[in-house]
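Contents: one structure, followed by commentary.
There are 6 protein chains.
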Amino acid sequence: MRYGARNQIKAKVVSVKKGDVMSQVRFTVENPHEMQSVLTTESVEDLDLKPGETVLLAVKAVHVIPIKE
Amino acid sequence: MRYGARNQIKAKVVSVKKGDVMSQVRFTVENPHEMQSVLTTESVEDLDLKPGETVLLAVKAVHVIPIKE
Amino acid sequence: MRYGARNQIKAKVVSVKKGDVMSQVRFTVENPHEMQSVLTTESVEDLDLKPGETVLLAVKAVHVIPIKE
Amino acid sequence: MRYGARNQIKAKVVSVKKGDVMSQVRFTVENPHEMQSVLTTESVEDLDLKPGETVLLAVKAVHVIPIKE
Amino acid sequence: MRYGARNQIKAKVVSVKKGDVMSQVRFTVENPHEMQSVLTTESVEDLDLKPGETVLLAVKAVHVIPIKE
Amino acid sequence: MRYGARNQIKAKVVSVKKGDVMSQVRFTVENPHEMQSVLTTESVEDLDLKPGETVLLAVKAVHVIPIKE
Chain A
1 MRYGARNQIK
11 AKVVSVKKGD
21 VMSQVRFTVE
31 NPHEMQSVLT
41 TESVEDLDLK
51 PGETVLLAVK
61 AVHVIPIKE
Chain B
70 MRYGARNQIK
80 AKVVSVKKGD
90 VMSQVRFTVE
100 NPHEMQSVLT
110 TESVEDLDLK
120 PGETVLLAVK
130 AVHVIPIKE
Chain C
139 MRYGARNQIK
149 AKVVSVKKGD
159 VMSQVRFTVE
169 NPHEMQSVLT
179 TESVEDLDLK
189 PGETVLLAVK
199 AVHVIPIKE
Chain D
208 MRYGARNQIK
218 AKVVSVKKGD
228 VMSQVRFTVE
238 NPHEMQSVLT
248 TESVEDLDLK
258 PGETVLLAVK
268 AVHVIPIKE
Chain E
277 MRYGARNQIK
287 AKVVSVKKGD
297 VMSQVRFTVE
307 NPHEMQSVLT
317 TESVEDLDLK
327 PGETVLLAVK
337 AVHVIPIKE
Chain F
346 MRYGARNQIK
356 AKVVSVKKGD
366 VMSQVRFTVE
376 NPHEMQSVLT
386 TESVEDLDLK
396 PGETVLLAVK
406 AVHVIPIKE
C-alpha cells in the first residue's frame with residue numbers, strides 16, 4: 001500500500017469526540033518522524049528557510065486523514 | 070500568538086528543494102507530540118476508531134504551513 | 139463560467155444530513171468522467187504511477203465544493 | 208484497509224506530467240460511484256440542495272490523493 | 277450560479293507567473309468584504325474569539341479557486 | 346512572525362456560532378489587500394487569466410485559519 005501523501009505518521013488514538021456530522025479525534029505520536037511541506041518558492045524565500053532551523057508546522061485538523069491498516 | 074489550527078508541531082528543516090513556482094521542504098520531528106483529525110462521524114464509525122489503536126495519519130504536503138517565530 | 143479546479147463532476151444529490159454547523163451531502167455520479175491529481179514528483183515516483191494502472195483516489199468530503207448552475 | 212476519507216474512487220491513470228517539484232496526473236473513472244461533500248449548513252441552505260437535483264462538484268487537483276494497493 | 281464555499285471575493289488579476297505544472301496568480305481586492313472560517317469549537321475557545329477583535333486570516337494559495345464568470 | 350501562507354488578511358470578528366465539534370466565525374475585511382492563488386498552469390490557460398481581469402475567488406471556510414497576535 002502506497003499513498004500519494006508525503007506525510008505518513010504512525011499515531012495512537014487518545015480520544016474520540018463524536019458530533020452530529022463531524023467528529024474530532026486526538027492522537028499521540030511517540031516516535032521521531034519526518035514531515036514535508038510544499039509551499040510557494042516565494043514563501044520559502046520570505047521565510048528564509050534553511051537547514052537546521054526550527055519552525056512550527058501548522059496543519060488544520062480537517063486535513064489529517066486517519067488510515068486503519 | 071495563537072493559531073486556529075489544532076496541529077502545531079515543532080520541527081527542524083532538513084532540506085529545501087526550490088522549484089519554479091512551488092518548493093518542497095523536508096523537516097524532522099524529534100519530540101513526542103499530539104495530532105488531531107476532524108472527519109465525518111460516519112468515517113469515525115466506518116474506521117471504528119477507539120482509544121489505544123494505532124493508525125496511520127496521512128497529510129498532503131500542501132496542507133502543512135511552516136511558521137517562523 | 140470557468141473554474142480554476144481541475145475536477146468538475148456532474149452529480150445528483152441523494153441525501154442531505156444537516157448538522158448544527160456542518161452538513162453532509164451525498165451524491166451519485168453516473169457518467170464516466172476524468173479526475174486529476176497534483177502531487178509531488180517524489181510521490182509520483184514512489185507510487186510509480188504509469189498509464190493504464192488502477193489506483194484509488196481518496197478525497198476528504200470537506201474538499202468537495204457543490205456548485206448549482 | 209480503511210480510509211478516513213468519504214470519497215474513494217477507482218480510477219485508471221491516463222497520463223503523468225512530471226514537473227520540477229509538482230506533477231500532474233490524469234485519470235479516467237468509468238464506473239458509477241458515490242461522492243460526498245461536507246460544507247456549512249448555511250451553504251446547504253443557500254444552495255437549497257435537495258435530493259434529485261444535479262450539481263457540479265468542484266475539487267482542486269491538489270486535494271486528490273492517489274493510493275496504490 | 278451559487279457556490280458551496282462561504283468565501284467569494286471579487287478580485288482583479290495583477291500578475292500571472294507560469295511554472296511547468298503549477299502557476300501562481302496575484303490579485304488585488306479593493307472592496308470591503310466578508311470572510312468566514314470553520315474551525316474546531318476547541319480552537320475557537322483557545323483563541324477566545326469575540327466580536328470586535330482583530331485577527332489575521334491565513335489561507336494557503338493552493339486553497340484559492342479563481343472563477344471566471 | 347512569518348507564515349508560509351501567501352494570503353494573510355487582517356479581519357475583524359463579527360460573530361461566532363459554536364457547534365458541538367465545529368464552529369463558524371464570520372469576519373469583515375475593511376482594507377484593500379492582496380490575494381494569491383496557486384493552480385495548475387493548465388487551469389490558468391483554460392481560464393485565460395490576464396492582468397486587469399476581474400474574477401471571483403472562492404475559498405471554503407475550512408481553509409481559513411484565524412491567528413491571534
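As they're listed, the protein sequences go chains A, B, C, D, E and F. Numbering-wise (our numbering), the first sequence opens with residue 1 and increments by one. Numbering-wise (our numbering), the second sequence opens with residue 70 and increments by one. Numbering-wise (our numbering), the third sequence opens with residue 139 and increments by one. Numbering-wise (our numbering), the fourth sequence opens with residue 208 and increments by one. Numbering-wise (our numbering), the fifth sequence opens with residue 277 and increments by one. Numbering-wise (our numbering), the sixth sequence opens with residue 346 and increments by one. Don't be surprised by glycine CBs; every beta carbon is placed ideally from N, CA and C.
Could you tell me whether any Cβ in chain D is nearer than 8 Å to the Cβ of residue i?
| i | result |
| --- | --- |
| Arg144 of chain C | yes |
Do you know how far the Cα of residue j is from the Cα of residue i?
| i | j | result |
| --- | --- | --- |
| Phe303 of chain E | Val289 of chain E | 4 Å |
| Met91 of chain B | Ile134 of chain B | 13 Å |
| Glu398 of chain F | Met277 of chain E | 19 Å |
| Pro239 of chain D | Pro51 of chain A | 47 Å |
| Ser313 of chain E | Gln369 of chain F | 6 Å |
| Glu237 of chain D | Glu138 of chain B | 48 Å |
| Arg213 of chain D | Leu116 of chain B | 11 Å |
| Glu114 of chain B | Gly142 of chain C | 34 Å |
| Leu315 of chain E | Leu118 of chain B | 22 Å |
| Ala196 of chain C | Ile274 of chain D | 7 Å |
| Ser15 of chain A | Lys294 of chain E | 45 Å |
| Met173 of chain C | Val331 of chain E | 37 Å |
| Ala149 of chain C | Gln284 of chain E | 22 Å |
| Val338 of chain E | Thr110 of chain B | 27 Å |
Closer than 8 Å, CB to CB, is residue i near chain E or not?
| i | result |
| --- | --- |
| Thr248 of chain D | no |
Does residue i get closer than 8 Å to chain A when you measure Cβ to Cβ?
| i | result |
| --- | --- |
| Val202 of chain C | no |
Report yes or no: is there a C-beta of chain C within less than 8 Å of the C-beta of residue i?
| i | result |
| --- | --- |
| Val314 of chain E | yes |
So with Cβ pairs under 8 Å, would you call residue i a contact of chain F?
| i | result |
| --- | --- |
| Lys137 of chain B | yes |
| Lys60 of chain A | yes |
| Met70 of chain B | yes |
Taking all protein chains shown into account, decide if residue i is buried (16 or more other Cβ within 10 angstroms of its Cβ) or exposed.
| i | result |
| --- | --- |
| Lys267 of chain D | buried |
| Ser43 of chain A | buried |
| Lys89 of chain B | Lys is not the amino acid found at residue 89 of chain B; the sequence shown has Asp there. Buried, since its Cβ has 16 or more Cβ neighbours within 10 Å. |
For the ligand COA, is there any heavy atom lying closer than 7 Å to the beta carbon of residue i?
| i | result |
| --- | --- |
| Lys326 of chain E | The ligand COA is not part of the structure shown, which contains no ligands of any sort. |
Using a Cβ cut-off of 8 Å, which residues of the stretch 144 to 171 of chain C contact any Cβ in chain B, in chain order?
Only those residues of the stretch 144 to 171 of chain C whose C-beta falls short of 8 Å from the nearest C-beta of chain B are listed: Gln162.
Give the list of continuous beta strand (DSSP E) stretches no shorter than 3 residues that lie fully inside the stretch 139 to 190 of chain C.
DSSP assignment within the stretch 139 to 190 of chain C yields the following whole beta strand (DSSP E) runs of 3 residues or more, N-terminal first: 145 to 156, 160 to 167, 171 to 178.
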